[in-house]
Every structure is written in structure tokens, then in C-alpha cells.
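Protein chains in written order, with our numbering: chain A, 1433 to 1706; chain B, 5 to 317; chain C, 26 to 555.
In what follows, a single structure is set out as C-alpha cells and then discussed.
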Amino acid sequence: MSRLPASLIFGAAVSAVFLLAALVSFLWVPHDVTNLVIANRLQPAGGAFVLGTDQFGRDILSMLMVGARTSIAVALVAVGIGIVLGVPLGLAAAATRGSLLDEVIMRGNDLIFAFPSLVIAILITAVFGPSALNAILAIGIFNIPVFARVARGGALSLWTLDYILAARTAGKGKLRISAEHILPNIANLLIVQATIQFSLGILAEAALSYVGLGAQPPTPSWGRMLAEAQTMIYTHPMLAVLPGLAIVLMVLGLNLMGDGLRDLLDPRLRRARG
Amino acid sequence: MLRFILSRFISLSLSLAAASLVIFLVIEVIPGDPAAFMLGLNATEANVAALREELGLGGTLAERYWGWVGGMLIGDFGTSYTYRVPVSELILDRLWVSLPLAGYALALSTLLAFPIGLIAASRRGTVADYGIMGGTQLGIAVPNFWFAMLLVLVFAVNLQWFSAGGFPGWQDPMAAIKALTLPAIALALPQASILARVMRSALLDTLGQDYIRTARAKGLSRRQAVLRHALRNALIPVLTIIGLQFSFLLAGAIIIENVFFLPGLGRLIFQGITQRDLVVVESVTMLLVFAVILVTFLVDIAYAAVDPRLRRK
Amino acid sequence: MIEIEHLSLAIHDTPILSDVSLQIGKGEIFGLVGESGSGKSMTALGLMQLLPDGAELVGQARLDEIDLLTKSEAQMCALRGNELSMIFQEPMTALNPVQTIGDQVAETLLIHQAAKPSGARRIARDRLDRVGLSHIGMDSYPHELSGGQRQRVCIAAAIALHPRLLIADEPTTALDVTTQAQILDLLKELVAEEDMSLLLITHDLAVVADMADRIAVMQTGQIVEQGPTADVLREQRHPYTRALFEASSHQPERQDQAAPEPLLQVRDVVRTYPGRRNGLIQRGAPVRAVDGVSFDLHAGESLGLVGESGCGKSTLTRAILGLEPVQGGAITAFGKEVGPEMPNALRSGIQVVFQDPYGSFNPRWRVERLVAEPFHLMPTPPSGAERRDRVAEALSAVQLSPDDMTKYPHEFSGGQRQRIAIARALITHPDIIVLDEAVSALDVSVRARILDLLADLQEQLKLSYLFISHDLTVVRAITDRVLVMQAGKIVEEGDTETVFSAPRHSYTQKLLAAAPVLDIAKETPLDALV
């Protein structure tokens, strides 16, 4: 077993902590976050409330745990949308390079790229109202051309190789070749991109919740915690610092894990490791 | 080169047309009856009919679409349902806050990122490199609006160097720029981190190319090879990222207005959403998308200026 | 006078060079010959002090009075491009794509402050003219030039300041035969004019036989033999020199067993590609890659197809394999039509071996699955034990062990990978195998063994070969008949020996004149002729 990169171990550990917190929150949280007990408002850290309470009396640690759930769920499903829809499109475009299908897919990609996630979120929420689902859609739709582009780029560089010609001489069609030869060999690229898009998704969800376009009350979300903390920032800065720190740590963990994965999966280094 | 610009311009127009079609369909077709949607609970038959009249929703879809596009081309963005003033008036003032902010942030992030990326690549593997990689990792992970809050806390509240928010208008340019500085820094930090890393990896890639070896064999020192050969080639992937960044910066500018109480497009559009003012939402979205497509066009032109292989179209 | 004494090199503690000593006189062409991994490039990079990180070099290297290895980096920068220069193997990537060629040649002058900008441009123009590019503007970019032209630009930049020593590391390996001849002639002329020494590094004995005054043969980091070219090639004292010589001129033993009936018939085949995009809508004129080609391949025959890059042979290959449609004419095999719609049973009768041992296999598949891939063509592909047996049979036929089927491609050397590729081509018991530059990427000694293998297999399994190559020596060694292709057309056809000794078409004559030949009669040791 070869030595895993330090970044991978550290990043995976940090991400795992948040994932664990999110999963545990389904079963148990220190204090119920939907029950606003104003009497408990603005308690300092320590004692029954490990990280203190906010201005509505809600336990910050519990809010962070449930908020982790929101962030992870949104980012994860958005990545799922991007992969499930984007990768086949990218593979199809590469397999039919230069054809009308390729042009259409590329133009479609460019069109979506012209709409930042925020703008897509604006369009969706203007018509359907704000919610976590709409945040997922907005971030997910933007992920589609990202994965399509990565898949297409990776696939194109493989289509010119001789083993693809050999597969065609063995009578295999483009669909089969894309599945048997191309997809496994771009999997590494896709995995690394997925961790990047996941961490970007966490940031995007926080931004959308911050401006009110994401998960609605009473579902806690880190972004909305920051929005609510903003009015208290002069007197109780910790209310703003803690959710922000959570975001930073989670994203940092994911990015480190992505870097570590990239190093681990790099074929040039892999050959040296044997 | 001229032919290249022309073909890119055609691309730009096509993209704009396609984008406008998408926005039109989402805003005016999906809600069913836009007028009823906008009125919400007040949607009596009489009110709906009156609103439809006012918004010019009588024609066919095609007529309405061309009416909208035609209007925009001459600067008429319709009348806001909530404020009862031409949307163009609402937008113009706010544009002068959001666009300069995005531009300011872009300039800052580029100015920061280039030297940092250059240093990291030239001193690969040294303490400086690791330090820069670590710092940028942190920079990428920080949400810009949270960083903005921290900046307000430190620089406005504690140190009192900047005001905590607000925008005094452009009559006094220096004051205006000062008011935009903290927001621009908050926006620029994560983007500069991304750009610096891209710069570094692009440079490292080019440094491994054969033509660098040729340059060394001609007697160029490492530094000369980087400056005279690697840099310009590394610019090509970096330009892509700068183009993409502008769209993120614009989105970020809109969000960050919330922290600094800036009278930009952000508040306009978020209020538009809560008040179901589809006219405002439709026009502002179109504007934002237009800005992104325009920047893509400019980046394409810049590409061709840097890379002669692209010019022979 | 260049003197290298007891040069030893280790990179990260791996020994690369061991006690290398040689001398190059003024105005002399010195050939450094060896296969890949022999250390010849590293010797050159050591002289230039352009070694990779982790390199430890000991010994002495002197360029007349200059003691090269004691110089600091700054001092070396002043020497490189000035007193000693180097050109490399891959001209396609050797130039900065975003700078004009004029600027890149002038740069040598400007860096060494040998001229002001205007003067530098004049001198650069003069140098470019000297290397034969007088018809190319100074404001051209590298992508507008061919490989040969780019190499000339590199030469111009390298000799701009009249260096005492020019090192050329495999300068023509990536070029066509005719271009190679022109570049080598250019180098010879420059050596004579400038009274410059040339260190020519190559794996090709024929090239040094033509060019070099003295040569040294390298094997795994050591010089095994050196001396005046004619002497070394005639005497061949060291066993490695003998092996190298033998491999370079190797002719596998073959019997002519061609039957009169044609297996593959190509009639007036035309293959056109749509032109390049000129704008959003327009396209340029269509390109005729294959322009009316006709020939037959008979049972048991080995037919060669020779041509330089761009002549259309790859396109023709893909059409013959039924991977691409033809726009005119027809290809028939075993009496049935060949094309993208051809039935799998027909495909299994025509298989292929490609050039690149490193791109020929999906790196994530084991050898068993790779070799068995053509079974997809069979209506009921064998599986389980039967499949393994068939794969084992194929691997044994190419002199590999059946146990190898559980390994991954990266565990094998280049020559072994080509054997695996041949096994894959054999698995469906085809009658025709197309070999597309199948030995071009291999070292000379490995190549000889693969050619032997191919000859054996042809005899044992009654195969017919279509052997495509740009390397005339290889084609001469293994084919019965040969076709010469130029710009999409076959310009000459006939028995290999006849065509090679008495070419009729001017292009064939030009090709043969350009190809460096290792003259066996002149250089074979006398005792081997008995």
C-alpha cells in the first residue's frame, strides 16, 4: 500500500468530521433548533450550550450540525445533476466530434456558462419562489456544462489514441467504446472535478442562503445564519464568525482532499508507485 | 484579425439572442399568466385584465418577444410594476455601483495574482511556494461575503479607517472609490487566490515545454526564459479564467452589497423577486447575462491577440 | 578541440554515465551512436550543463581553453548559444508558438549583446537565408512552417554567433527521409563553412556512416568503441558494435511464398475530406487524401507501402480496415466489399498492428482482456477457460509467456508491447495483417527481433502482410513487393529488390537517394562474408 498524500488524509479527515456531524444530526442534536426559546438568547459559549446561542435562543452547535446537512445535501445533489447530465453530453460530443451534435452541445454549454448560478437562481426563484430545491437546481444546472466540458476535453485526447482504433477494428461502436474505454480512463479527471464542484457548491449554497434564495426557515443553513448574525455583528461578533469558520473549514477540507486525490490518481506518478 | 473579430461578434449576437429567448421563456411563459402571477393574492379578473393591458401582454408570444428585445435595443426596459418608474432609470443609477465594483475587484485580483503566481512558480518547492499554496488554499475557501463582514469588523468598526457601508455617489470620485474599496477587497481575495494558483500551474506547464529548453540552450538564464517565453504562453489559460471570473465577480458584487448597504443592482433584483416584479427581474437578468457574454467576447479577442495560432480564422 | 575526460553522471544516485572520454577536433563531425537509454543525450546535456535536478557530474570537459564543468551558471549562460550550441529532436515543439521566427533567431544575438535590435534583425535575416529559408518571412510564426523548416530555424538560431561546437541531438529522427537528407546536408555545409565542430547524436548507424569523420558507440552509459568511422564500422571490435551493425542491416530469413490469387483488391480508391473551416459557414476546398489508388495483395505475400508523411498512407490504411468510407472506387477482401458496414466475420479476417507501443493499449485493462478484444467480432465469443487458452496460444506464438496475460501493459517494455499487439492481431486467425509503422518506434536491436518474429509467423500461419512504413531499410528487409505513394497516388510498384536497385519514377529515385545507407559490402567484416 503506497503512502497516501498528506493533503488527502488531512482533507478527508476534516470533511469526514462535517459529514459525520451532518449524519448524526438526523438522529440527535444537543438542542432542538426549531423551538425558539427566547429566554435562552445570546448565551455565551460553555455549559449547556457548547458554542453559545443566537439572538433567537437557538443553540449554535446544533444549528451548525443541521446546517451542515443542508450544505452537504444541496452541494451533493447539485454535483450529481452535473455528472449525470453533463458527462454523457461531454462523451457524446467527443465521440461525434465536428458533427452537428457536437456543435449543439458546445453552444448549449456556452449558453449556460453565460448564466452564473446566481442568475439562474434568480430566474428560478422569481418564478417558483425560494427553496432549497431551487438552490439545488440553480447550482446543478451550472454544473452540467462544467462536467460536459471536462468530460469532452478528456475524451477528445483519448479518441486519437491507437487503442481506440484497435477497438474499432474489433468491431466496437462509438457508444461501446465510450463506455468501455473512454469513461474509465477519464474517471480520475471527473473525480477530481467532482470534489472541486462539491466545495464550490457549498460556497454557492451559502451565498444563496445568505441573500434568502436558498433553504427557507425553519431549516437552518449556514448562509442564513450569517445573514441573521449581521445585525448583531457589533455586539456579538462570534455569531458571525462561527458559521463562517464552519464554511471555511469544510471547503478547505474538501479542496485538500481534491488535491490529494489528484496527486494520488495522477497516472504518471501512479506508474512510479507501481 | 478583422475577420476573426467579425466572426466572434456574430457569435456574441447569437449568444445574446439565445440567452434573451431563454429568459423570456422562463419569465413570461412558465408562470402561465405573468399578470396573474405578479398580482398574486390581488388577482381579481379586473385587476389582471388591467395589468395585462398595461404590460402589453395582449399580443402573441412572438410579438411580445420582439417587442421586448426591440425595446431593449433602444434603451426601453419597460416600467417597474412596484416603483412605477422606467426600469432603465432604476438600472442606470445602480449600474454605476455594481459594474465599477466588479471592475475594481477584477483589477485588484489580477494585480495581486500575477506576481504571486509568478513567484510561486519560479520558486517551486521552496518555503515561499508552500506558503503561497497554503495561503491561496485558505483564500479559496473563504466566502467573500463573510470575509466582507470580517473586514467591516476590523477596518470600519475597530480601526475606523473606512465607513461601515453606504455609497456617497460619484460626485466625489475619491470618496466613491474609498467606499468601494473594502467591498472590492472582499471580492478580490478568493478570486485572486484562484487566479494565482492557475497562474502558477500554467507557468509550471509552460516551463516543461521544449521551447524553454531551446531558449536555455541559446544562453537565456532561467529568469530570462520565464519572462520572455513562459509568461506569454501561460497567459492563454489564465485569460480563460479571468473571463470566467468576471461572471463570478458580478454575482459576488450583487451579493456583497448586502454587507455594505451599497445601492447596486442587488437590492433592486432581490426586492423584485420578493415583490414579484417580473419586469424588473427580466430586464436586470438580461443585463447581467449581457455583461457576461460581452466579457467572453473581449476575452476571445484578447486570446487572438496573444496567440497567433488562433488568428487564421 | 573538445575534450571530454572521464565523465561520470548520476541522477538521484542512479548511474547514467560511466567514465566517458572522447575528443572532437576542430571542424570535425563526431557521431555519438547508441540506442535509447545509452546515455548519449545526457552526455550532450552534461556538456551544456542543462542536466535535470539531482544530477551529479564528475570529470572534465574542455572546449579549447574553456573548462566547461567549472563554470558557474551565469558563465554558462554566456557560453551557451555563443561558443557552444545545441539543437534537439522535436522541431515541432522546439519553438515558442507565440513568437515570430525572426524574433527567436534574433534573440540569440540580443541576449549575448552581440548586436543592437536593428542589427540583430539584419543578421537574423541573413542566418535564415543561409539555412535555406529565404522565401519565409521573418514575421512568420512557427505553426506556419513544416517540421523541416522549423528545424532549420532552430539551426539558424544556434549558429547565429558562430559557435565553436554545435551539438545536434537526433536532429532528423522526427523528419521525413527527404527532409532528413536536406538537413544533414545543411549541417555538413555549415561545418565546412564555419570551421565548426559538430557532435551528432543518433541511433541510426547509416546516418553516421554518411556524415561522421569519427564515431563512438555507447551502451548503457559507457563508450564501448570509438575511432574513425570507416575503421570502426569495418572492424567492429566490440560485440555490441557488431550486434548494432547486424541489427541495423538485418534481413530476416524469408521464403517467397506468394500465391497468385489476390486476397485484397483495391481499385481506384478515392478518399476526400471536407476542407478546413474558413469562417462560420464556409469551408475550404475538399482535400483528396487518397487519389485513385489501385493494387492487389496476394495470399502469403508481404507487400510494402512506402511514403512520407502526408502522402495518404494512414488514410488508406483506415479505409482498408473498414474504419472509414471511400468516396470513389472499391476495396474488396476475399471477394466481399470492405467498408464501415462490413460484416464482423469479414473484419476478423483483416487485423492491424499499430506504431505506438504506448498508445496501443487501454492502460487499465489486463493483457488477457486486451488480446481478447477482437473476439467481439465473433458471433459467439469464447469465454472463461476457452478464452484464456486462446489468449495463451497467441502469447506463446509471439514468444511471450501465457502467465503474462494477468499483467498490465505498463509492466512491459516497448518491444514486448509490440509482441502483445501482434498477439492481439493474431487472435481471430486472420489472413491479412496490416502493419502500420509497426516497428518504427522500436530500438534497432529490438526491431530486428520483431522482424524475425513477423517473418516466422508469416511462414507458420500463412499470413499476408501489408507493411506500411516510411523507413526504406525496414521495407527492403521484409517485403516481397513494394508500392511507393506520393500525394495520394501510387507512383511506382514492383518487386522490392527491383524497385530499390533500379527505381524508375523520379520520386522513388529521390527517396532512395535521400535515404542514408549502411553499405554492407563496404563495412561488413571480412570474416562474415565467408
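All residues carry an ideal CB built from backbone N, CA and C; glycine is no exception.
Just so you know, these numbers come straight off a predicted model, no measurement behind them.
Quiz item: Three-state secondary structure (DSSP) at residue 428 (chain C)?
Solution: Three-state result, residue 428 (chain C): helix.
Quiz item: If you drop the 5 nearest sequence neighbours on each side, which residues of the same chain put their C-beta closer than 6 Å to that of residue 385 (chain C)?
Solution: Result list for residue 385 (chain C): 379, 446, in chain order.
Practice problem: Tell me whether the beta-carbon of residue 313 (chain C) lies closer than 8 Å to the beta-carbon of residue 354 (chain C). | Solution: No.
Quiz item: To the nearest angstrom, how far is it from the Cα of residue 228 (chain B) to the Cα of residue 216 (chain B)?
Solution: Looking at the two C-alpha atoms, the distance is approximately 10 Å.
Quiz item: Just checking, does the segment 71-88 of chain C make contact with the segment 103-122 of chain C on the three C-beta pairs under 8 Å criterion?
Solution: Counting Cβ pairs under 8 Å, three or more are found: they touch.
Practice problem: Can you tell me the Cβ-Cβ gap for residue 127 (chain C) and residue 147 (chain C), rounded? I've got them flagged as a contact below 8 Å. | Solution: Not a contact, Cβ separation roughly 10 Å.
Practice problem: Would you identify the three-state DSSP class for residue 357 (chain C), choosing helix, strand or coil? | Solution: Note: residue 357 (chain C) maps to strand in three-state DSSP.
Exercise. Name, please, each residue of chain A whose Cβ falls closer than 9 Å to the Cβ of residue 153 (chain B).
Key: By Cβ distance, chain A contributes 1658, 1661, 1662, 1665, 1669, 1672, 1673, 1676.
Self-check item: Burial state of residue 134 (chain B), where buried means 16 or more other Cβ atoms lie within 10 Å
Solution: Exposed, by the Cβ-count rule.
Practice problem: Indicate whether the contact test is met: 3 or more Cβ pairs, each with one atom in the segment 83-90 of chain C and one in the segment 169-185 of chain C, closer than 8 Å. | Solution: Cβ pair count under 8 Å is below three, so no.
Quiz item: With DSSP run on the structure shown, which of helix, strand or coil describes residue 484 (chain C)?
Solution: Of the three classes helix, strand and coil, the one that applies to residue 484 (chain C) here is helix, per DSSP.
Exercise. Taking only the alpha-carbon atoms, compute the straight-line gap between residue 1548 (chain A) and residue 253 (chain B) and give it to the nearest angstrom.
Key: So the alpha carbons of these two residues sit roughly 10 Å apart.
Quiz item: Going along chain E, which residues have a C-beta under 7 Å from residue 123 (chain C)?
Solution: Chain labels in this structure do not include chain E; the protein chains are A, B and C.
Practice problem: Look at residue 240 (chain C) and residue 257 (chain C) and say whether their C-beta atoms are less than 8 Å apart. | Solution: Residue 240 (chain C) is a Cβ neighbour of residue 257 (chain C), given a cutoff of 8 Å.
Quiz item: Does the separation of the CB atoms of residue 102 (chain B) and residue 314 (chain B) fall below 8 Å?
Solution: A distance of 8 Å or more separates the beta carbons of residue 102 (chain B) and residue 314 (chain B).
Quiz item: What separation, rounded to the nearest whole angstrom, lies between the Cα atoms of residue 277 (chain B) and residue 30 (chain B)?
Solution: About 14 Å.
Practice problem: Assign residue 1458 (chain A) to buried or exposed, taking buried as 16 or more other Cβ atoms, counted over all protein chains shown, within 10 Å of its Cβ. | Solution: Its Cβ having fewer than 16 others within 10 Å, residue 1458 (chain A) is exposed.
Self-check item: For residue 55 (chain C), the first and last residue of its enclosing beta strand (DSSP E)
Solution: That run of the beta strand (DSSP E) goes 54-58.
Practice problem: Output the distance between the C-alpha atoms of residue 61 (chain C) and residue 54 (chain C), rounded to the nearest integer angstrom. | Solution: As the crow flies, the alpha-carbon of residue 61 (chain C) is around 21 Å from that of residue 54 (chain C).
Exercise. Evaluate the contact criterion for the segment 135-154 of chain B versus the segment 226-242 of chain B: three or more CB pairs, one atom per stretch, below 8 Å.
Key: No contact exists between the segment 135-154 of chain B and the segment 226-242 of chain B.
Quiz item: Taking the C-alpha atoms as reference points, what is the distance between residue 152 (chain C) and residue 182 (chain C)?
Solution: In this structure, the alpha-carbon of residue 152 (chain C) lies about 8 Å from that of residue 182 (chain C).
Self-check item: Three-state secondary structure (DSSP) of residue 130 (chain C)
Solution: Of the three classes helix, strand and coil, the one that applies to residue 130 (chain C) here is helix, per DSSP.
Quiz prompt | Collapsed DSSP secondary structure at residue 1385 (chain A) in the structure displayed | solution = What the structure shows of chain A is the stretch from 1433 to 1706, and residue 1385 (chain A) is not part of that stretch, so it cannot be assessed.
Quiz item: So, are the CB atoms of residue 243 (chain B) and residue 296 (chain B) less than 8 Å apart?
Solution: At the C-beta level, residue 243 (chain B) and residue 296 (chain B) stay beyond 8 Å of one another.
Quiz item: Residues bridged to residue 593 (chain C) by DSSP?
Solution: This structure does not reach residue 593 (chain C), given that chain C is present from 26 up to 555, and the question cannot be answered.
Self-check item: Distance between residue 343 (chain C) and residue 494 (chain C) (C-alpha atoms, nearest Å)
Solution: Taking the straight line from one Cα to the other gives about 15 Å.
Exercise. Establish whether the CB of residue 1598 (chain A) and some CB of chain B are separated by less than 8 Å.
Key: Interface flag for residue 1598 (chain A) against chain B is unset, since no Cβ pair is found closer than 8 Å.
Quiz item: Between residue 552 (chain C) and the rest of its own chain, which residues show a CB-CB distance below 6 Å, the 5 nearest in sequence each way excluded?
Solution: In this prediction, residue 552 (chain C) has a pLDDT of 49, which is less than 50 and means its spatial position is unreliable; nothing more can be read from the coordinates.
Practice problem: Would you list the residues sitting across from residue 1485 (chain A) in a DSSP beta bridge? | Solution: Beta-bridge pairing links residue 1485 (chain A) to A:1491.
Quiz item: Which one of A:1591, A:1446, A:1696, A:1491 has the shortest CA to CA distance from residue 1522 (chain A)?
Solution: Closest option to residue 1522 (chain A), Cα to Cα, is A:1591.
Quiz item: Under the three-state reduction of DSSP, which class applies to residue 510 (chain C): helix, strand or coil?
Solution: Strand.
Self-check item: Under 8 Å (Cβ pairs) to chain B, residues found in the segment 1636-1651 of chain A
Solution: Within the segment 1636-1651 of chain A, the residues whose Cβ lies closer than 8 Å to some Cβ of chain B are 1638, 1639, 1642, 1643, 1644, 1645, listed in chain order.
Practice problem: Take residue 250 (chain B) as the anchor and find which of B:75, B:298, B:225 has the nearest alpha-carbon. | Solution: Ranking B:75, B:298, B:225 by Cα distance to residue 250 (chain B) puts B:298 first.
Practice problem: Give a yes or no on whether the C-beta atoms belonging to residue 42 (chain C) and residue 347 (chain C) are separated by under 8 Å. | Solution: For residue 42 (chain C) and residue 347 (chain C), no; Cβs fall outside 8 Å.
Practice problem: Give a yes or no on whether 8 Å exceeds the smallest Cβ distance from residue 1690 (chain A) to chain B. | Solution: Chain B, which has no Cβ nearer than 8 Å to the Cβ of residue 1690 (chain A), makes this no.
Quiz item: Does residue 137 (chain C) have its Cβ less than 8 Å from a Cβ in chain B?
Solution: Nearest CB-CB separation between residue 137 (chain C) and chain B: below the 8 Å threshold.
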